[in-house]
Every structure is written in structure tokens, then in C-alpha cells.
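Numbering (my numbering), first residue to last: 140 to 781.
Think of the CB as a built atom: it goes at the ideal place given N, C-alpha and C, for glycine as much as any other residue.
First the structure, in the form of C-alpha cells, and then the observations on it.
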Ligand SMILES: Cc1ncc(C[n+]2csc(CCOP(=O)(O)OP(=O)(O)O)c2C)c(N)n1
């Protein structure tokens, strides 16, 4: 506790001297470190940013915290993760992220994995009182209760969320927490915290389900060093708090009980101050990382991605049949594979029947989720980061929005923010797209503009049953989160396997010298139809089924452009900030590619409008073969002089 306080003090000085950037002090929260006395190797903690003392108690060295403070290469995250954020694979500390409450659902996912593995490991989630008003906290608590998971939620109630007093808002005070699983304790008293945590962790290890320790304490200093709490707190309040300092309380208690003398205490403080000072001096001199661009995605595992894959049979199969069989194979081959999603259990087996028969044959491994997308992705992150292979389903991509935080801020940043120490090999299956009657605005989106915009997320789209199998196998081998957008219009189309091809890149679906049509998912078929129309006019086009949006197969696009010099990109997503627009921007801004162009490239797209309900209106906003053909004709007419 004293080392933590001294680190706070040292960092405060450094920031004021302009030698550090940001500090989130843990002063007043130190007694929570006593929770760690009940933890074993193999347990996981999910800290927030005020858990400096907890991190130290779990085994993080002050020297490592100092490196992280200066954002140095050898600190956690190598200068990417903010200061006062903690993480260690070795010590079972999941790397903090700043969005309040974001750690709750992964902590539950980890606990679910531990329970499924029959291990005794527990998960401890630290969260502030104001942050308990985030929806993800309730989703996490509900799932932990539903499954009786070994999760301890430690709430640090310091009475404030930055400057906002929380007394009238906390779930405890407004009666939103079930008292049978919650205990309110004095979070300034390290002995009380240790005792309560010991009892709670024993309950968790006995399989009795989650506990909440509601710890009342004080944030002795301002929220961060960019904040000044004297603006919103009276001097009296600040003085009263200082008199309840947890370190002084513990010191006095130890002295009274004869376990410590004043002289020992002074000597300890002097030794700690010297060590902390030395750690920060050394960290300040330590090297910076060379760059911040590595570890967005893992390098592709070439060995596990065969260049050609053929489906088990040469008969016609639908995407639902082929992918369903592949899911079955994955479950049979790898005990780490788990499936979770809305309505995926038998007898329904998913709203599209993708998982039909699987929950009966793999009991406990194909599980209906609650109707809560953040729970699906958040639990997936906790599982994936602790050794599982979650293959989770989002019922329709349109409904990913409630899980945006977990996907974009959590899953996609994990590898990068820990500089490769952690990864999130989560496979997400998400039916998507329009061209089916009655989808309307909320069952017709593809939204790849959102997903491809997020560094750290792989995004792939099949257009045939065989491609769905190939992309799924590759995703299962990848060490990063992969979103497989499955065009639901293609689910029941029977198709023969395609001839042999490179299974991990774009796929040339038609060859021709005049123009390159790049498409993915639903627009591949439309583009092939357009190519047939154009062939009747003597215009012979190439159709490249991109399949991989991230990582994008640029070499295949370049190879085709070298041949044709004309580019038409076809997408069902809307235009602005879309993936198609990005492709065009890339091709026109790379000199090498620009030099290949013989005509202005075209984007055939849905305009910036939502997909309407009535099929005729839907048709009116989506690309079709005649629009694609028009765009090709345009490029044939408007040639740049070469
Ligand atoms: C989702 C989100 N919204 C807003 C913020 C900005 N913010 C950072 S900390 C904080 C207050 C958190 O208060 P509490 O949970 O009580 O923790 P404390 O800082 O008091 O320890 C806010 C609003 C954020 N980080 N994340």
C-alpha cells in the first residue's frame, strides 16, 4: 500500500514537472489490494485504472508500473496502453481499457471458461461506483448469476464519478442489487477487505456463484492530475477524508497491536521512497518502442492455411449445409471450440438453422445466449484471451450495435494495446445483407464500413458455400477476432464446389481483359450477371470475388488491374466512408496503382440511405446487374489517355 502511495506521489511530481503525461492516482483505494491475499496463480483479475495497489499486490513490479507511466518499450503495451493501466499474461491480469465498465463482461467470460474446464480459478472484476451504471455491468452480473460463475465484483465506491456525486445513483443506493449476493464493507480497512474477500472467494471456489463486495472508501486526490477536486469538493470534506486514510489506519492498527514500531514504519517508508525514486529514474532513461504499428493483427499462419481446400463432397451443397457440417467438424476436432448465440440451441438450431443438431450432439458446447449482444462478444473476449476458441453468432449483423464497445474498444484493441502479449481469437458468424424481401432497415445491413474501419478486426465475406467453409477454417486458425459476414440471401442456394484455387485470398470468378469488377458477398453474383450482359456486347470483364476485406488482398487487385486498367467496385453497403470508397481511395492515391488506370474507377453502391421495407423500394436503392453494367460501360467510354 505504501509503495503504491509513493508511486502516486512520484508520478504526480513528474507530471507537474512535465516529464510524464497522465496520472490516475490510486490514493485512498489501496486497501483493495488485500483482495489479492485470497487469490492463487491461475486466477484472473480485471482491473480498472485506480488499481495500482492491487496490481502491485498481484505481483507487478513498481519498475514495470514506472515503465508504463513513461510509455516505454518494455512496459505493458510498449507505450500504447495509457499510464495507470495494468496487464500481465504471466500474473493473470487482463489489460485494462479505459471505457468505464468494459472489463466486466470479459471477466465473466473468463470465469465461464474456468467453470467449463472444471478448474477452481476465479475472476475478480474491479469497477468504480459511477461505472456500475453502465449496462455492461448488469449484463455481466446477470450472466454470472445465471450460470453461477466464480466472479467477484469489487466495487470501489468513492462517492464520485469525476465530479458527479453518486450517492443518489448507485445501484446499491437505489435498490437495484440483490442484497443476498452483495456485501457492503469498509473499503478503507485492509483487514475488513481481506476477510470479506476470503469468504467471497471461498464461495466462488465452492461453486456458489458470484459475489459483489461494495467497498466504501475515498478518492483522496483528484480524479486525475488534469482534474482539481477543490473545484467541486469543500476543504472540510477533503480534510475529513484525509483523516480516514487507509494507510494511516493500517499503520496505527499494526503499531497498536505491536506488530510494527514507529521507527520501523519510518525506515520502511524511507526505503520504499528510495526504491520508487530509483525505479522511475531508470524507467525515464529506458528506450521507447520503435513504432506503434506492429501487432495490429498477427502475421498470417501460412502453415495452418492451406492454399487449396475442397469441400468433403463434390455434390451441390447450400451454405447452411456446408457451414453447419464444418461447425460440427470443428466441435469434434477441438475441445476448445464453444458456440454461443441467440436461439442457436436445438430444436431451432439458430434462426437460419446453421447450428441445427449441434447442441444435441455437443451438450454444453453450443449454448443459447441471453438476448444481449454485449454479453456474447464480451464473454467471447474473456474466453478467447484465456485459451478457448469461441465461435459465436450474432443473429443479424444489424444487431451488433449493443456490442460495439466490446468489439471495437475491447476485442480489436487487445493484441495491439498489449503489444502482442494478449490475443483474441474470436470467430463471429453474422448473417448480413439485403436482397431478401421483408428485411427492412434492421435485417438488411452489411455495415462493412464500420467493421473494416476498426484496426485489429479481420473481416471476411463469402459468396459461395465452399468459400464460407474456407473462410471459417482460416478464421479458426487465426489468432485475431474475425467477423464472418454471411450473406443470408445465399444461405439456401445450392452450389457445386469451385475449382481449385488459393483458399486464403481473393478469388477470380471470371477472367477478361477489359475491366476489373471487384465485389464481395451478394454483389459477386450481380457482378457475374453484369459480366454476362456485357459479354453480349463484346465487353469481356474480370470479376474478382474479394472475400478478404481485412486483411485485404491488394496483390490480386493489382494483378487484375495490370491486365484491365479499369476498376469497378460493387457493394451493397452505403457510399460514404464505406469499404468500397476506401478501395477506390487506395487505388487512386497509390502512384503505382494509379498509373495502371485507363479510366476513372467507379463505385456502384447503395446511396447514403437505409434499406427500405417494401421489396420494390429495397430494389430501388441496391446495386443490380444493369447498374454494374452501366458503370463498366462508363469506364469503357471515358478513357484516360495513356
Ligand atoms: C464509457 C465511458 N464514458 C466516460 C468515460 C470518462 N470517465 C472516465 S472515468 C469516469 C468516472 C468513473 O467513475 P467511477 O466509476 O466511480 O470510478 P473512479 O474514477 O471514481 O474511481 C468517467 C466519466 C469513460 N472513460 N468511459
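Query, Result
"Residue 541 versus residue 511: straight-line alpha-carbon distance, rounded", "8 Å"
"Cα-Cα separation between residue 330 and residue 419, rounded to whole angstroms", "30 Å"
"DSSP three-state assignment for residue 360, whether helix, strand or coil", "coil"
"Those residues which DSSP pairs with residue 262 across a bridge", "183, 290"
"Of the listed residues 509, 490, 486, nearest to residue 498 (C-alpha basis)", "486"
"Outcome for residue 211 when other beta-carbon atoms lying within 10 angstroms are tallied against a minimum of 16", "buried"
"Proximity below 8 Å, CB of residue 251 to CB of residue 286", "yes"
"Classification of residue 753 by the beta-carbon crowding that lies within 10 angstroms, buried from 16 upward", "exposed"
"Assigned exposure category for residue 526 - 16 Cβ within 10 Å defines buried", "exposed"
"beta-carbon residue 299 near ligand 1 non-hydrogen atom, thresh 7 Å", "yes"
"Sequence-distant residues of its chain with Cβ nearer than 6 Å to residue 185 (five each side left out)", "233, 242, 246, 264"
"Environment of residue 675 [buried if 16+ CB atoms lie within 10 Å]", "exposed"
"Collapsed DSSP secondary structure at residue 543 in the structure displayed", "helix"
"Straight-line gap, residue 446 to residue 199 (C-alpha atoms, nearest Å)", "Bear in mind that a pLDDT of 43 at residue 446, under 50, signals an unreliable position, so the number given afterwards is only what the model happens to contain. Cα to Cα, the separation comes out at about 43 Å."
"C-beta atoms of residue 268 and residue 294 nearer than 8 Å", "yes"
"Touching by the beta-carbon criterion (3+ pairs, under 8 Å), the region 568-582 and the region 620-628", "yes"
"Residue 393 versus residue 399: straight-line alpha-carbon distance, rounded", "5 Å"
"beta-carbon residue 238 near ligand 1 non-hydrogen atom, thresh 7 Å", "yes"
"C-alpha distance - residue 781 paired with residue 737, whole-angstrom precision", "Any reading at residue 781 must be qualified, since the residue scores a pLDDT of 47, below 50, and its modelled position is unreliable; no value is offered."
"In DSSP terms, what residue 507 is bridged to", "480"
"Where residue 324 falls, given that 16 or more other Cβ within 10 Å makes a residue buried", "buried"
"Residue 528 in three-state terms, based on DSSP", "strand"
"Span separating the alpha-carbon of residue 731 from that of residue 694", "12 Å"
"Cβ contact (3+ pairs, closer than 8 Å) linking the region 530-541 and the region 430-439", "no"
"Close Cβ partners of residue 309 (< 7 Å) along its chain, the five nearest in sequence each way excluded", "268, 271, 296"
"Among 389, 178, 765, nearest to residue 672 - alpha-carbon criterion", "765"
"Sequence-distant residues of its chain with Cβ nearer than 6 Å to residue 384 (five each side left out)", "none"
"Environment of residue 370 [buried if 16+ CB atoms lie within 10 Å]", "exposed"
"Sub-8 Å separation of residue 140 and residue 183 beta-carbons", "no"
"Whether residue 713 touches residue 574 by CB criterion (8 Å)", "no"
"Nearest-angstrom Cα separation, counted from residue 314 out to residue 307", "11 Å"
"For residue 148, the nearest candidate out of 170, 361, 229 (CA to CA)", "361"
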